Amino acid sequence: GDSTDAVTVAQAFHWFDPHPALAEIARVLRPGGVLLMCWNVRDESVPWVTGWTDTVHGMSGGRPFSDHRERDWADVINEDGGYGEVSSRRIANSFETSRAGVIERTRSTSFVAAAEPALREAVLAAVGELIDHDPDTAGREVFEFPNHCDVWWCHRHP
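In this note's numbering, the protein residues as written are 251 to 408.
In structure tokens, the structure reads:
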């Protein structure tokens with residue numbers, strides 16, 4: 251135990267049962283060590299991104315588990331009691347993409363990847379139609395995928 255200076259969990263803590271996970275992280279994290287959790291989050295203020303969410307979630311039945319964006323991770327960590335004050339920050343993290351890039355990103359989304367093949371292909375076709383017709387993306391070889399990274403961190407109590 252307590253031999254690790256930092257534990258990072260990227261795009262995954264929402265899959266864990268939080269309290270056993272926090273206990274195990276505290277077991278290996280030295281006193282004062284850092285726990286850092288982060289998630290990439292689509293910028294839903296952009297119409298085509300909202301269209302992507304509506305299309306993908308509407309066709310696939312939505313997320314099968316609790317959405318990390320609906321959780322206050324400070325509350326979850328504070329309930330555990332083994333950690334100090336939780337800080338968070340949202341960092342701009344947009345990137346260039348293409349129609350093919352958006353389709354591949356959609357294909358790699360856990361609940362799309364797990365869908366029956368016919369449903370998966372229907373979702374991917376609908377996303378292609380969205381990209382082909384939205385004014386911000388239609389006919390463009392390269393465009394911005396609006397995104398942020400939400401970062402949460404804290405220290406293990408001494």
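Built from N, CA and C at the ideal position, the CB exists for glycine as well.
What you are looking at is a predicted structure, and each value in this text was computed from that prediction instead of being measured.
Alpha-carbon to alpha-carbon, residue j and residue i
{"i": "E354", "j": "C399", "result": "20 Å"}
{"i": "L369", "j": "S253", "result": "46 Å"}
{"i": "S358", "j": "M309", "result": "16 Å"}
{"i": "G282", "j": "G351", "result": "40 Å"}
{"i": "R340", "j": "N328", "result": "20 Å"}
{"i": "G251", "j": "R280", "result": "8 Å"}
{"i": "A363", "j": "A262", "result": "16 Å"}
{"i": "C404", "j": "D267", "result": "18 Å"}
{"i": "N290", "j": "G332", "result": "26 Å"}
{"i": "V381", "j": "C288", "result": "Looking at the sequence provided, one finds Ile at residue 381 rather than Val. So the alpha carbons of these two residues sit roughly 27 Å apart."}
{"i": "A376", "j": "F395", "result": "17 Å"}
{"i": "D325", "j": "A342", "result": "24 Å"}
{"i": "P408", "j": "S338", "result": "21 Å"}
{"i": "A276", "j": "E371", "result": "42 Å"}
{"i": "W323", "j": "D255", "result": "21 Å"}
{"i": "H307", "j": "R406", "result": "37 Å"}
{"i": "V284", "j": "D330", "result": "15 Å"}
Simplified DSSP assignment, three categories, for residue i
{"i": "V336", "result": "coil"}
{"i": "F263", "result": "helix"}
{"i": "N290", "result": "strand"}
{"i": "D304", "result": "helix"}
{"i": "V296", "result": "coil"}
Option in the options with minimal Cα separation from residue i
{"i": "V259", "options": "A375, E329 and W402", "result": "W402"}
{"i": "L229", "options": "P408, T303 and D386", "result": "One cannot answer for residue 229 here, as it falls past the ends of the chain, which runs 251 to 408."}
{"i": "E391", "options": "A372, R349, A363 and P408", "result": "R349"}
{"i": "G378", "options": "V362, F395, T356 and S360", "result": "T356"}
{"i": "T300", "options": "H407, H405, N397 and C404", "result": "N397"}
{"i": "T387", "options": "S360, T347 and H407", "result": "T347"}
{"i": "L286", "options": "G334, P408 and N343", "result": "G334"}
{"i": "E366", "options": "G311, T305 and R292", "result": "G311"}
{"i": "F361", "options": "V257, W265, R321 and R277", "result": "W265"}
{"i": "S344", "options": "V278, R406 and F393", "result": "F393"}
Inset, instruction - Kindly confirm or deny that the region 293 to 303 and the region 269 to 285 touch, where touching means at least three C-beta pairs closer than 8 Å. - result: no
Legend entry - Every unbroken beta strand (DSSP E) within the region 318 to 392, with a cutoff of 3 residues, ordered by chain: 337 to 342 and 345 to 347
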